[in-house]
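Below is one structure, written out as structure tokens; comments come after it.
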Amino acid sequence: MTQLKKRTVALIVLLAFALCSLCACSQSKEVKFGTGNSEGMYYQFGSLLADESQNEAEVPTITVETTAGSSANLRLLSQGFLDMAIVQADTLSDAYNGTGFFSNSGAYTGYSAVAGVYTEACQIIVPADSPIESIEDLAGKTVSLGERESGVLQNALQVLDAYNLQESDFTPEYLSFSESAQAMKEGKIDAAFITAAIPTPAVTNLADSIGVRVLSIDPFAVNVLTKRHSYYTPCTIPANTYAGQSETAQTVGVRAVVVARNDMPEDQVKSIMQLLFNG
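Residue numbers (the working numbering): 1214 to 1492.
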């Protein structure tokens, strides 16, 4: 065999090896999935999905990434640090259109919604023995509005705005679910906004310790919210969802949505969606 032929064969072998390696990498690509803080429902959702992905050879490995929540997830998706995430529909709408919280930063794009998964209720939690009976009573109190860059914070401000309340009308804190629960247990806050599927573990644990009540959003404010923001729908939190909650609470809810980067391979998105709905 001539020297030229030997070199040609060697190049072909190296090329074939490289192509095989690329294929293997594509099939086993890690998918970074944005959730929320480790005590929240988003993290639980992502963790369950990641665990299931370990048992399916055709599904890429899912790695759960903790974040501050919906706004952070959409920013990180847009910047290429995440491949998929779960977010609130309201935050998704504002991020994509550059409205609401995103009116200053501008729109975050480069991703698409691929599935709506469940409804999250806007919950306004107070201790069972609190004198606070309505949202108007929050004026002058210390209130947790959720973490910065979370959908919870946006929900809290929109609900309060329906009552003509602003952050200057009370002392705001920006806490995660678990931080809110601990602060309420220690008497450091009077109320907390939590947007999540019910029952929410952090609220359940708090209720089992001190008992809680859920404040209702009155019909007029529900009407204001649903007219101003199309993503809200009326929903209820049944009595006894939490220890100490003897009455049904009327509130609004938003959909939790799974989103994926537009440049993510279609077969990977499809396999994860099949795992989610058929796994």
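All residues carry an ideal CB built from backbone N, CA and C; glycine is no exception.
Keep in mind that this is a model prediction, so the values were computed, not measured.
9 Å Cβ cutoff met for V1467 and T1408: At the C-beta level, V1467 and T1408 come within 9 Å of one another.
Reference D1342; option with closest CA among Q1458, Y1309, D1264 and K1242: Q1458
Where the alpha helix (DSSP H) containing Y1309 begins and where it ends: A1302 to N1310
Pairwise C-alpha distance: L1428 and E1346: 7 Å
Inter-residue CB distance, D1307 and F1294 (contact presumed, cutoff 8 Å): Their Cβ separation, rounded to whole angstroms, is 20 Å, which puts D1307 and F1294 out of contact at 8 Å.
Residue from L1373, T1276 and V1425 whose Cα sits closest to the Cα of A1434: L1373
Start-to-end residues for the alpha helix (DSSP H) that takes in T1417: Counting along the chain, the alpha helix (DSSP H) containing T1417 begins and ends at P1414 to I1423.
Among G1247, F1246, K1483 and Q1367, the one whose alpha carbon lies nearest that of T1312: Q1367
Runs of beta strand (DSSP E) wholly within the region 1340 to 1418 (minimum 3 residues, chain order): 1355 to 1357, 1384 to 1386 and 1404 to 1409
For R1474, the nearest candidate out of G1249, K1242, A1298 and T1279 (CA to CA): A1298
Inter-residue spacing [alpha-carbon to alpha-carbon] between Y1256 and V1277: If you take the alpha carbons of Y1256 and V1277, they lie about 7 Å apart.
Residues that I1450 bridges to, as DSSP identifies them: A1462
Nearest-angstrom Cα separation, counted from A1404 out to A1415: 14 Å
Whether Q1481 touches V1244 by CB criterion (9 Å): The answer is yes: Cβ separation under 9 Å.
Assigned exposure category for Q1301 - 16 Cβ within 10 Å defines buried: Q1301 should be labelled buried.
Extent of the continuous alpha helix (DSSP H) run through K1440: Run containing K1440: P1432 to R1441, per the alpha helix (DSSP H) assignment.
Cα-Cα separation between R1288 and Y1321, rounded to whole angstroms: 6 Å
Whole-angstrom distance between A1456 and K1398, CA atom to CA atom: A direct Cα-to-Cα measurement between K1398 and A1456 gives close to 14 Å.
Cβ-based neighbour list, N1286, same chain, cut-off 6 Å, excluding 5 preceding and 5 following: G1247, T1280, A1298 and V1300
Classification of E1271 by the beta-carbon crowding that lies within 10 angstroms, buried from 16 upward: exposed
DSSP state of A1576 mapped onto helix, strand, coil: Examination of residue 1576 is not possible in this model, given that the chain is present from 1214 through 1492 alone.
Top-ranked residue by Cα proximity to K1483, from L1262, S1251, V1327 and D1303: V1327
Of the listed residues I1348, A1352 and Y1376, nearest to L1438 (C-alpha basis): Y1376
Start-to-end residues for the beta strand (DSSP E) that takes in E1278: I1275 to E1278
Spatially closest choice to H1442 from Q1371, Y1324 and I1411, by CA coordinates: Q1371
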